[in-house]
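Residue numbers (this note's numbering), protein chains in the order written: chain A, 238 to 378; chain B, 238 to 378; chain C, 238 to 378; chain D, 238 to 378. Ideal Cβ positions, reconstructed from N, Cα and C, are used throughout, including at glycine. As the structure is a prediction and not an experimental result, all values here were calculated from the model. Beneath this line is the structure, given in structure tokens, with notes to follow.
Protein chains: 4
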Amino acid sequence: MSLKMTLPELTAFVAAEFPQVKDDFAIDAVSEDALILRLKVGDRHLRPGGTVSGPALFGLADVAVYLMVLARIGPQALAVTTNCSIDFMRKPAAGVDVLATCRLLKLGRTLAVGDVLLRSDCHDAPVARASLTYSIPPLRA
Amino acid sequence: MSLKMTLPELTAFVAAEFPQVKDDFAIDAVSEDALILRLKVGDRHLRPGGTVSGPALFGLADVAVYLMVLARIGPQALAVTTNCSIDFMRKPAAGVDVLATCRLLKLGRTLAVGDVLLRSDCHDAPVARASLTYSIPPLRA
Amino acid sequence: MSLKMTLPELTAFVAAEFPQVKDDFAIDAVSEDALILRLKVGDRHLRPGGTVSGPALFGLADVAVYLMVLARIGPQALAVTTNCSIDFMRKPAAGVDVLATCRLLKLGRTLAVGDVLLRSDCHDAPVARASLTYSIPPLRA
Amino acid sequence: MSLKMTLPELTAFVAAEFPQVKDDFAIDAVSEDALILRLKVGDRHLRPGGTVSGPALFGLADVAVYLMVLARIGPQALAVTTNCSIDFMRKPAAGVDVLATCRLLKLGRTLAVGDVLLRSDCHDAPVARASLTYSIPPLRA
């Protein structure tokens with residue numbers, strides 16, 4: 238068991254494949270079964286009152302598990318989200334980034350499952366939790 | 238049982254309270270237990286390849302249930318999403334809007350539950366399904 | 238598109254393969270995209286106070302989608318539940334069966350998705366809603 | 238922050254209030270933000286082939302979070318499950334108990350959220366993960 242993509246390789250992959258969102262995220266850490274992804278909060282992520290929007294939090298959780306899966310299987314596969322369950326538990330703190338800590342719970346042949354805790358930077362209490370399933374298509378020869 | 242907000246009132250509420258997203262959505266229909274919300278798909282909703290992004294679909298489902306709840310309880314209350322479960326089932330069709338058909342399954346004193354089917358405009362097979370819970374804060378006197 | 242198993246064939250399949258639970262359930266109806274399953278409520282399904290237990294409701298939703306999938310793909314495949322999201326919305330009525338109305342939303346090569354409304358017999362308001370994903374293993378030659 | 242019920246008090250509560258299921262479970266450990274609950278696997282929990290059934294795993298996760306909440310708020314309140322999302326990831330090992338490790342992620346005035354990892358005794362890889370929301374009714378004076 239080992240990583241197929243390093244942190245710089247993952248960062249370069251996001252920049253190349255997802256130019257629309259590359260400025261939203263920074264990968265803070267990656268290991269064989271965990272990844273920390275940072276949402277670099279800007280005005281476009283905010284709802285009235287200055288709180289980070291639900292879709293922005295969803296997207297953060299989604300990309301965190303996606304990158305965790307890629308780190309383990311490599312960039313050749315096109316994984317797609319099939320399910321997400323997310324609980325919004327607290328209001329994000331104003332004016333700080335949100336960090337997603339992802340655990341990879343299962344990496345099967347066709348399905349991967351990860352869960353995520355989202356926290357405002359420098360805060361302990363989780364803003365949200367999410368679990369996601371990715372479908373991994375078979376490799377083509 | 239009756240509607241506390243009409244379709245034009247809901248549309249005006251979104252324009253006033255959520256100026257960031259008001260151009261994303263149009264309410265196609267509302268009744269006592271159902272609401273149809275349209276995501277007016279633009280470039281900002283797309284992923285590479287031209288498919289509507291997961292966060293955009295999540296946001297559509299979220300706003301659909303939110304407006305369905307407001308239609309029934311009126312604009313005075315500040316409902317917040319506490320849980321969402323979403324299944325992504327098919328790729329949205331390219332170049333067309335996505336429609337969310339929301340059913341209100343429960344409207345309690347403190348919790349409301351709705352489910353949503355998302356379809357590409359003029360397509361039958363659902364792109365995604367979602368169920369959401371909203372927490373309704375007590376009214377202040 | 239057509240049914241691979243009729244209502245009597247599904248009933249016989251449950252009796253043969255799941256002798257432990259065959260007395261719990263009756264299939265009231267099946268069509269190409271819907272199935273109604275009845276939980277024949279007995280003491281073993283009840284919690285103190287006489288309400289149907291959460292695990293009994295979960296099992297009802299799970300078996301409803303399972304049988305809906307089998308009705309479409311036939312008994313040869315061994316489908317397994319990979320995900321369930323369930324919302325408990327109202328207390329079941331005392332002393333009556335619970336009915337699950339299942340819709341098949343997706344039947345793909347490897348994943349099937351269905352959703353379910355659970356109602357107490359002769360009651361309109363749903364007791365619970367659930368959505369489930371089944372993984373369908375590849376056929377062996 | 239402290240525990241309102243100790244491990245022996247929780248065990249006695251289950252025996253008194255849930256006589257139907259008290260023989261199914263043993264509380265292995267409890268602290269302010271975590272609880273370990275053991276499903277003492279018997280024939281009644283098994284499906285054909287000897288694997289622990291889905292409803293038994295659901296019930297284990299449900300009771301684990303319920304007891305975790307009670308440990309913190311005390312036995313006076315009647316908490317009810319409003320939502321559960323569960324991912325079944327691996328077949329439980331045959332012939333051994335299943336352990337649920339619960340984390341309390343939020344304990345609000347009206348809602349509590351916990352998540353759970355289920356593992357076969359003496360095995361590392363999780364059999365399932367679940368997250369549950371409990372609604373906590375207001376105290377009566």
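CA-to-CA distance, residue j to residue i, given in whole angstroms
{"i": "B/Met305", "j": "A/Asp265", "result": "39 Å"}
{"i": "A/Arg366", "j": "C/Ile310", "result": "35 Å"}
{"i": "D/Ala378", "j": "C/Val289", "result": "Per-residue confidence for D/Ala378 stands at a pLDDT of 45, beneath the threshold of 50, marking its modelled position as unreliable; the derived number appears in the next sentence. Going from the Cα of D/Ala378 to the Cα of C/Val289 covers about 29 Å."}
{"i": "A/Ser239", "j": "A/Ile273", "result": "17 Å"}
{"i": "A/Ala293", "j": "D/Ser322", "result": "21 Å"}
{"i": "A/Leu341", "j": "D/Leu354", "result": "12 Å"}
{"i": "D/Leu315", "j": "D/Leu283", "result": "30 Å"}
{"i": "B/Pro285", "j": "B/Met326", "result": "18 Å"}
{"i": "B/Thr347", "j": "B/Met242", "result": "19 Å"}
{"i": "D/Ala331", "j": "D/Gly287", "result": "6 Å"}
{"i": "C/Ala271", "j": "B/His360", "result": "20 Å"}
{"i": "A/Thr248", "j": "A/Pro312", "result": "12 Å"}
{"i": "D/Tyr303", "j": "D/Tyr371", "result": "8 Å"}
{"i": "A/Pro225", "j": "A/Leu244", "result": "An answer regarding residue 225 of chain A cannot be provided, because it is not within the stretch 238 to 378 covered by chain A."}
{"i": "D/Lys259", "j": "D/Val251", "result": "6 Å"}
{"i": "B/Leu307", "j": "A/Val317", "result": "33 Å"}
{"i": "C/Pro329", "j": "C/Ser357", "result": "6 Å"}
{"i": "B/Ala263", "j": "D/Asp261", "result": "52 Å"}
{"i": "A/Glu269", "j": "D/Glu254", "result": "44 Å"}
{"i": "D/Glu246", "j": "A/Phe295", "result": "39 Å"}
{"i": "B/Pro375", "j": "D/Gly291", "result": "37 Å"}
Host beta strand (DSSP E) of residue i (start-end)
{"i": "C/Leu318", "result": "In the sequence as presented, Leu is not what sits at residue 318 of chain C; that position holds Thr. C/Thr318 -> beta strand (DSSP E) spans 317 to 325."}
{"i": "D/Ala365", "result": "365 to 372"}
{"i": "C/Leu341", "result": "335 to 344"}
{"i": "C/Leu276", "result": "271 to 276"}
Test: residue i CB closer than 9 Å to a CB of chain A
{"i": "C/Thr319", "result": "yes"}
{"i": "B/Glu269", "result": "no"}
{"i": "B/Pro312", "result": "no"}
{"i": "C/Leu294", "result": "no"}
{"i": "D/Gly345", "result": "yes"}
{"i": "D/Arg309", "result": "no"}
{"i": "D/Ala316", "result": "no"}
Any C-beta of chain D under 9 Å from that of residue i
{"i": "A/Met326", "result": "yes"}
{"i": "B/Ala378", "result": "Note that B/Ala378 has pLDDT 46, beneath the 50 cutoff, so the model's placement of it is unreliable and the number below is only indicative. Judged by the 9 Å Cβ criterion, B/Ala378 is not in contact with chain D."}
{"i": "A/Pro329", "result": "no"}
{"i": "C/Ser290", "result": "yes"}
{"i": "C/Asp352", "result": "no"}
{"i": "C/Phe255", "result": "yes"}
{"i": "A/Ala337", "result": "no"}
{"i": "A/Ala245", "result": "The question names Ala, but residue 245 of chain A is Pro in the sequence shown. It does not: the Cβ of A/Pro245 has no partner Cβ on chain D nearer than 9 Å."}
{"i": "A/Arg366", "result": "yes"}
{"i": "B/Asp265", "result": "no"}
Helix, strand or coil at residue i according to DSSP, with G and I counted as helix
{"i": "A/Asp265", "result": "strand"}
{"i": "B/Thr288", "result": "coil"}
{"i": "D/Ala378", "result": "Only weak support exists for where D/Ala378 lies, its pLDDT of 45 falling under 50; the value from the coordinates is given anyway. In this structure, D/Ala378 counts as coil in the three-state DSSP scheme."}
{"i": "D/Thr248", "result": "helix"}
{"i": "C/Asp352", "result": "strand"}
{"i": "D/Ala331", "result": "coil"}
Residue interval of the alpha helix (DSSP H) (run including residue i)
{"i": "A/Leu297", "result": "291 to 310"}
Contact with chain C by residue i, beta-carbon distance below 9 Å
{"i": "D/Arg284", "result": "yes"}
{"i": "D/Asp334", "result": "no"}
{"i": "A/Leu348", "result": "yes"}
{"i": "D/Asp260", "result": "no"}
{"i": "B/Leu342", "result": "yes"}
{"i": "D/Val251", "result": "no"}
Cross-chain neighbours of residue i in chain E, by beta carbon under 8 Å
{"i": "C/Thr370", "result": "Considering every chain present, this structure includes no chain E. Its protein chains are A, B, C and D."}
is_contact[residue i, chain B] using C-beta, thresh 9 Å
{"i": "A/Asp299", "result": "yes"}
{"i": "C/Ala362", "result": "yes"}
| message | Could you check whether the segment 264 to 280 of chain D touches the segment 321 to 338 of chain D, counting it as contact only if at least three pairs of C-beta atoms, one from each stretch, sit closer than 8 Å? | response | yes
| request: Determine contact between the segment 356 to 374 of chain C and the segment 316 to 330 of chain C, defined as no fewer than three beta-carbon pairs at a distance below 8 Å. | output: yes
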